[in-house]
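Residue numbers (this note's numbering), protein chains in the order written: chain E, 1 to 351; chain F, 1 to 250; chain W, 1 to 124; chain V, 1 to 218.
Report on one structure; see the data block that follows.
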Amino acid sequence: MYGFEALWFNIKDGYLDGVVRGHRSGLLTTADYNNLCQCETLDDIKLNLTGTDYGPYLANEPSPLHTTTIVDRCTEKLVDDWNKMRANADEPLGEFMDYCTYGHMIDNVVLIVTGTLHERDVHELLEKCNPLGMFDSIATLAVASSMRELYRLVLVDTPLAPYFSESLSAEDLDEMNIEIMRNTLYKAYLDDFAAFCRRLGGATAEVMGGLLSFEADRRALNITLNSIGTELTRDDRRKLYSNFGLLYPHGHHELAAAEDFDQIRSAMEKCPPYQAIFTKLGFGESQMLDKVLFEEEVRRLCDTFEQQFHYSVFFAYMRLREQEIRNIMWIAECVAQDQKIRINDGIVYLF
Amino acid sequence: MSNRYVCVPTVTVLAMMKARLTGAVKGHALLKKKADALTLRFRQILKKIVQTKQEMGKTMRAGAFALTEAKYAAGEFATTVLDSVESASVRVNAQQDNVAGVKIPRFERVMTGASDTKMHLTGLGKGGQQVQYCRKAYMTAVELLVELASLQTAFLTLDEAIKTTNRRVNALDNVVIPKLENTIAYIKGELDELEREEFFRLKKVQANKRKVADELVKRRLRENGPTPNGAKGALHDMMPGVDQDADIVF
Amino acid sequence: MAQAGLPDGRLLAVIGDEDTVTGFLLAGVGNVDLRRKGNFLVVNEKTTVKKVEDAFKDYTQREDIAILLINQHVANLIRHLINNYARPVPAILEIPSKEHPYDPNQDSILLRVKNVLGGDLGAA
Amino acid sequence: MVRRERNRLRVPARAPAVMASQQLLHFGDALSRGQLINWDYLGFLFKQISPYFFACLGTSLAVGLSIAGAAWGIFITGSSLLGAAIRVPRITSKNLISIIFCEAVAIYGVIVAIILSTRLESPFVVRDSQTGLYPIQAMTAGYAIYGSGITTGWSNLVCGLCVGIVGSSAALSDAQNATLFVKILVVEIFGSALGLFGVIIGIIIAGQAKLQGTLPPP
């Protein structure tokens, strides 16, 4: 029914669509960033943020501010928005929104699991969890003493259970490096999310398809780049790549075999959209890659708002907010650490 | 006069004291040299400490910023790092340097090569590059800090050593040597006194003897008539060396 | 020295805020022994001074620790202990934290240096 | 009731029934000949249906489809408008114009329906007693009113959808950037004009029609 979402979409999701676009207009603009960059102290930043959506959240913070406080409050804003929207969401939007947060959920589970296995205090760990990825039984994660038990007792009831059961065996649970486990789960999650979006069909499938394949390809790129020189073998590497995206499947062969940045680059440049990204980088220069990829992601996310009647705006809003929080963190850190020369290196202007 | 050693003023003791004084003077000179050497090193270290501390400020700032960059790229990874600690791959070896007889501990960074794969894989999905960059920044910081630690322990040890040495030098300079000198002077004074007493006694004995001899001569003259030369010669025989050798004593 | 018993060298201990500790652990100074006893302490606003003091005493008495790194703002909490601490090993190093730039006027060691030099640090 | 009584009096009751059964037989033949649609039979069928039926159907379609379109448009616009207004309340009063445009579509339908219903006049049309058919003028009028209703109804339905969707976008874009509103309003006006075309044509179609019989000679 592509092209006819316009007729049905608003029955269930028109209101939230309006709401999320409203939230989107609350994102900081270039002018806001310019003002923030002029700040000399964290209190200045707070003052500058008073006029924005973050104002009410920061208003009652006592004066010796820390960057972590600012970031926490900003995250709280996103979480509040998100939970309100989630509460109002009808199916299948609700499920879609849940899918958006599974990524955080994976991070939280991994965090709690590692913490538990190292006998850390549960409350301390819960505080560190990303509030977007919370689920009801998360506190009970701490009862388990081994990974296998954890899966049997707790994870089986969470939405993540299929990812565990599909991609990890019982031995993996005990022995696998936690970082590899995280990425294996994330891969399963991305595949599932992409399949879910395809099932939704229409504009959502189209737009989300683009976003998710970018995400998948970026992960593939990062995994390759970060595993150069580590003990991760080619086959292990391949197992962490998602089963879709522009690089799938031929690009993955090349990536899996790549041994240095230039090989990765030549593998990626076979895809026209990525060629444009890589032309921004000099040869052998991988430091700036993160920022360039962030910029590309933000560009794509912003583009989703140009189209109406699809769910990707929710995903995009979450991602953009997160990017914005990262930006604020960067500015605050630069100000706090007196490194204002570097301030522009970290900001990805959203619009 | 308490500023001297209590001793019997004899020539033997005097010789002993003189020997002690020479020793003290020599020791003083040596200690002075040592103190100078230590102070020289100390000054160098001081300069270096201040420099390194300031450099450390910079390095730590760079490290903190690299951490910010890593957080920016990789999200919150602190807990993962805290939880994946196993065995230290960076350790220090303590060695000892010898400066003018003072043992100064010196630290040296060693890489044990313990597996830290976990750290290598941190941020695998995103931001791993920045994490590794941050890791390197902190490695530099560790290196600098180890150096600083060496300097600092050296500073503390040297400070202590210099203090003791100086105390010794001062003790020699202000207490031992003057005391010895006083003692020697005292012994010499005493010995002189004894000498003078002896001389006076001898003089008295001489006078007495002369008186006795005069009376004897007078008596002989009274009895035998005056023989002036013979009497004088006899007297000279009785006190040999009184006239010629007077400067032997003094 | 305990060097003979520890052929692979001695450890660096860290007491500091989360960022500092994370950074040094990334660099590989972290060590957790079989009894799950670590050589680092994360200090946040909830950590009590008592806990910091205990950690300080523990680390300074452990044989396998050669250098103790401590954030300056944490060191200020237990300044009395540091000022009374006189042994050269383990060496105590006060390091700046992210939010508290280095202030030479609070460093116990630098204060002593200053005393020795008799005044201005900048001139040295 | 009165009308039916009169019909029964005037029209030979059996004649159409006989013809119908004949035609029905014929229809069966047609099928057996492999002809899917028997046009003769359909023509016969339509001729038998009262023009009043078509006129009323047309009228109801005119108003029903229009109102469906308007309602559809209003919920599309309205839900977006409500959502967007949470953040930017200023847009509500301005964007009511989109709702009004949608509402106008319903009003067109109502107007046309009223016009169409005025075409039904007394005295009523009756079948010819010999052929059993309605007078040709009456049938024309019935179809015309039906056609007019359908034209108006469908055009207003899609016009309502169009205005609704554009109105929804207008509300959202106005919330983002106030200067866009006027520009999108132009688009919306063109969209809402579509309904008017249907209305005009509908009125023209129905203009000549008059569903009025002649009084039987006293």
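The beta carbon of each residue, even a glycine, is placed where N, CA and C say it ideally should be.
Interface flag, residue 329 of chain E vs chain W, CB-CB below 8 Å | It does not; no Cβ of chain W falls within 8 Å.
So residue 88 of chain F packs on residue 29 of chain W, CB below 8 Å; how close in whole Å?
-> About 6 Å separates the two Cβ atoms, so the contact holds.
Residue 381 of chain E versus residue 59 of chain F - alpha carbon distance | Coverage of chain E is limited to positions 1 through 351, which leaves residue 381 of chain E absent and any answer about it impossible.
Using alpha carbons as the reference points, say which of E:122, E:78, E:186 lies closest to residue 162 of chain E.
-> The shortest CA-to-CA distance from residue 162 of chain E to any of E:122, E:78, E:186 is the one to E:186.
How far does the beta strand (DSSP E) with residue 94 of chain W in it reach, from first residue to last?
-> Residue range 91-95 is occupied by the beta strand (DSSP E) that includes residue 94 of chain W.
Would you be able to state if there are at least three C-beta pairs under 8 Å between the region 54-68 of chain V and the region 146-160 of chain V?
-> Under the Cβ criterion (8 Å, minimum of three pairs), the region 146-160 of chain V counts as touching the region 54-68 of chain V.
What separation, rounded to the nearest whole angstrom, lies between the Cα atoms of residue 9 of chain F and residue 189 of chain F?
-> Using only the alpha carbons, I get a separation of about 9 Å.
Exposed unless 16 or more other CB atoms sit within 10 angstroms - verdict on residue 221 of chain F | So residue 221 of chain F counts as exposed.
Note down, in chain order, each residue of its chain lying with its Cβ closer than 6 Å to the Cβ of residue 91 of chain F, except the 5 sequence neighbours on either side.
-> Around residue 91 of chain F: 110, 112.
Identify the continuous alpha helix (DSSP H) that holds residue 162 of chain E and give its terminal residues.
-> Taken as a continuous stretch (DSSP letters only), the alpha helix (DSSP H) holding residue 162 of chain E covers 161-167.
Which residues mark the beginning and the end of the beta strand (DSSP E) in which residue 93 of chain F is found?
-> Its beta strand (DSSP E) spans residues 90-99.
Three-state secondary structure (DSSP) at residue 248 of chain F?
-> Legend: pLDDT at residue 248 of chain F = 49, less than 50; position of this residue unreliable, value from coordinates given subsequently. Note: residue 248 of chain F maps to helix in three-state DSSP.
Contact list for the region 123-140 of chain F against chain E, Cβ threshold 9 Å | Residues 123, 124, 125, 126, 127, 128, 129, 130, 131, 132, 133.
Run through the region 93-138 of chain V for me and flag every whole beta strand (DSSP E) of 3 or more residues, listed as ranges in chain order.
-> Counting only runs of 3 or more, we get nothing.
DSSP three-state assignment for residue 74 of chain W, whether helix, strand or coil = Residue 74 of chain W falls in the helix class under three-state DSSP.
With 16 other CB atoms within 10 Å as the buried threshold, where does residue 99 of chain V fall?
-> With a threshold of 16 other beta carbon atoms within 10 Å, residue 99 of chain V meets it and is buried.
Terminal residues of the continuous alpha helix (DSSP H) containing residue 329 of chain E?
-> Per DSSP, residue 329 of chain E is one residue of the alpha helix (DSSP H) stretching across 312-336.
Validate contact between the region 63-76 of chain V and the region 90-97 of chain V using beta carbons, cut 8 Å, 3 pairs | Too few Cβ pairs lie closer than 8 Å, so no.
Does residue 3 of chain V get closer than 8 Å to chain E when you measure Cβ to Cβ?
-> Note on residue 3 of chain V: pLDDT 47, under 50, position unreliable in the model; no value is reported.
Mind checking whether the beta-carbon of residue 97 of chain V lies closer than 7 Å to any heavy atom of the ligand NAP?
-> The ligand NAP is not among the ligands present in this structure, which contains no ligands whatsoever.
Buried or exposed for residue 46 of chain E, please, with buried defined as at least 16 other CB atoms from any protein chain shown within 10 angstroms of its CB.
-> A buried status is given to residue 46 of chain E, since no fewer than 16 other beta-carbon atoms sit within 10 Å of its beta-carbon.
Which residue comes first and which comes last in the beta strand (DSSP E) that contains residue 15 of chain W?
-> Element bounds for residue 15 of chain W: 11-16.
Selected residue, minimal CA-CA separation from residue 97 of chain W, among F:158, F:84, F:24, F:68 | Nearest to residue 97 of chain W by alpha-carbon distance, out of F:158, F:84, F:24, F:68, is F:68.
Inter-residue CB distance, residue 28 of chain F and residue 177 of chain F (contact presumed, cutoff 8 Å) | Yes, they are in contact, since the Cβ atoms of residue 28 of chain F and residue 177 of chain F sit about 7 Å apart, within 8 Å.
Report the neighbours of residue 118 of chain E on chain F: residues whose CB is nearer than 7 Å to its CB, in chain order.
-> Within 7 Å Cβ-Cβ: 83.
If we ignore side chains and look at the alpha-carbon of each, how far apart do residue 131 of chain E and residue 44 of chain W end up?
-> The straight-line gap from Cα to Cα measures roughly 20 Å.
Where residue 4 of chain V falls, given that 16 or more other Cβ within 10 Å makes a residue buried | Note on residue 4 of chain V: pLDDT 47, under 50, position unreliable in the model; the coordinate value appears next. With fewer than 16 other Cβ atoms within 10 Å, it is exposed.
Counting along the chain, where does the beta strand (DSSP E) carrying residue 107 of chain F start and finish?
-> DSSP places residue 107 of chain F inside the beta strand (DSSP E), whose first and last residues are 102-111.
Looking at C-alpha atoms only, which residue of E:301, E:339, E:324 is the closest neighbour of residue 215 of chain E?
-> It is E:301 whose Cα lies nearest to the Cα of residue 215 of chain E.
So what's residue 209 of chain V in DSSP terms, helix, strand or just coil?
-> Looking at residue 209 of chain V - three-state DSSP - the assignment turns out to be coil, as it is neither helix nor strand.
Contact residues within the region 73-106 of chain V, judged by C-beta distance below 9 Å to chain E = So the list reads 75, 76, 77, 78, 79, 80, 81, 82, 83, 84, 85, 86, 87, 88, given in the order they occur along the chain.
CA-to-CA distance, residue 155 of chain V to residue 231 of chain V, given in whole angstroms | As shown, chain V starts at 1 and ends at 218. That puts residue 231 of chain V outside it, with no answer to give.
Are the CB atoms of residue 325 of chain E and residue 78 of chain E nearer to each other than 8 Å?
-> Here residue 325 of chain E is near residue 78 of chain E, since their CB atoms are less than 8 Å apart.
Would you mind stating whether residue 87 of chain V and residue 25 of chain E have Cβ atoms separated by less than 8 Å?
-> Against a cut-off of 8 Å, the Cβ pair of residue 25 of chain E and residue 87 of chain V comes out as a contact.
Rounded to whole angstroms, what's the CA-CA distance from residue 198 of chain E to residue 54 of chain V? Just pull it up for me.
-> So the alpha carbons of these two residues sit roughly 46 Å apart.
Residue 200 of chain F burial status per 10 Å Cβ neighbour count (16 or more: buried) | By the beta-carbon neighbour count (other beta carbons within 10 angstroms, threshold 16), residue 200 of chain F is exposed.
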